[in-house]
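Working notes for the structure below.
Residue numbers (our numbering): 1 to 290.
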């Protein structure tokens, strides 16, 4: 790989991580404007899913086999819905910083699944990373959240569920990425998720009462923090190895936590901050050992 390709890939990956880091803080803008987690999740999936669908159709890549399409729809309706909705609930109940860190435990779950499902050998370094991730997650949960006040067990539970469920997406997209384009995969999974989320969201009330601030926040979430971010990440993978992309991706929880502190005054206890460092360090360790 030449230097030009490396820096081009790095630029795309950094931009994607920065865009993803907006999810937590911008979601809190929506909640402050009176929106519910289910509504935020619905609009995020609907807008980004439509963007991916248009992109896929324009590039001629939205031509799935019927059996594949059925599997994509099922995965989107179950897994993507779970990830997106649990993330929004965790952000609302326990703070965006906590939700981001718990979602970032997904690589540790992937490593664990790989051992259980595919009998991959667990090296001492990988075992140490898994134990570090578990310890970090425990410390983050014991901190009670990043918003202060009374502990929300619903928020903590949804954060853990988000990280656990998100891990399946790594395996899912690794399986399908060579058969369909990035935009086609996300179109076929995000739109079914939006359809399921529509059952929980009060779309009519949103259309009638949503203000300009909330509308702008929703557009940022759907277009910039989801559609554009995933596109940038896909472009980065043309020039970077998965290990390089995974390490650079650690910018997301760091910047997201900083933005949550700066914009919303969120902060962890000392145990929570130590847990954050442990979780991020475990992801770096796992990436380096791939």
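A virtual CB, placed ideally from N, CA and C, is assigned to each residue, including glycine. Every value quoted in this text rests on a predicted model; they were computed, and no experiment measured them.
Extent of the continuous alpha helix (DSSP H) to which residue i belongs
i           : result
residue 192 : 182-197
residue 138 : 124-142
residue 90  : 81-94
residue 149 : Neither: residue 149 is in no alpha helix (DSSP H) and is coded neither H nor E.
residue 48  : 37-58
residue 121 : First-last for residue 121: undefined, no H or E at that position.
residue 25  : 23-32
residue 68  : 66-75
residue 259 : 251-264
residue 166 : 153-176
residue 229 : 229-236
residue 207 : 203-209
residue 6   : 3-20
residue 226 : That residue, residue 226, is in no alpha helix (DSSP H); it is neither H nor E in DSSP.
residue 105 : Here residue 105 belongs to no alpha helix (DSSP H), and DSSP marks it neither H nor E.
residue 219 : 212-219
Of the residues the options, the one placed nearest residue i, counting alpha carbons only
i           : options               : result
residue 114 : 69, 172 and 74        : 172
residue 228 : 6, 20 and 5           : 20
residue 36  : 232, 263, 210 and 264 : 210
residue 180 : 257, 123 and 61       : 61
residue 207 : 18, 42 and 9          : 42
residue 255 : 10, 14 and 4          : 14
residue 23  : 136, 219, 154 and 231 : 219
residue 8   : 281, 27 and 237       : 237
residue 110 : 214, 167, 283 and 282 : 167
residue 88  : 154, 4 and 48         : 154
residue 279 : 99, 39, 30 and 29     : 99
residue 17  : 31, 104 and 79        : 104
residue 32  : 212, 182 and 284      : 212
residue 225 : 72, 84, 57 and 70     : 84
residue 187 : 30, 12 and 57         : 57
residue 127 : 107, 190, 240 and 162 : 107
residue 12  : 75, 197, 245 and 203  : 245
residue 177 : 72, 156, 264 and 141  : 72
residue 185 : 217, 221, 160 and 68  : 68
residue 51  : 91, 266 and 230       : 230
Buried/exposed call for residue i, threshold 16 Cβ in 10 Å
i           : result
residue 138 : exposed
residue 199 : exposed
residue 82  : buried
residue 93  : buried
residue 121 : exposed
residue 64  : buried
residue 150 : exposed
residue 253 : buried
residue 123 : exposed
residue 165 : buried
residue 4   : exposed
residue 262 : exposed
residue 133 : buried
residue 59  : exposed
residue 47  : buried
residue 232 : buried
residue 142 : exposed
residue 66  : exposed
residue 131 : exposed
Min CB distance residue i to chain D below 8 Å
i           : result
residue 125 : No chain D appears in this structure, which consists of one protein chain only.
Rounded distance between the beta-carbons of residue j and residue i, thought under 8 Å
i           : j           : result
residue 272 : residue 96  : Incorrect: roughly 13 Å between the Cβ atoms, too far for contact.
residue 196 : residue 70  : Their Cβ separation, rounded to whole angstroms, is 15 Å, which puts residue 196 and residue 70 out of contact at 8 Å.
residue 102 : residue 160 : 6 Å
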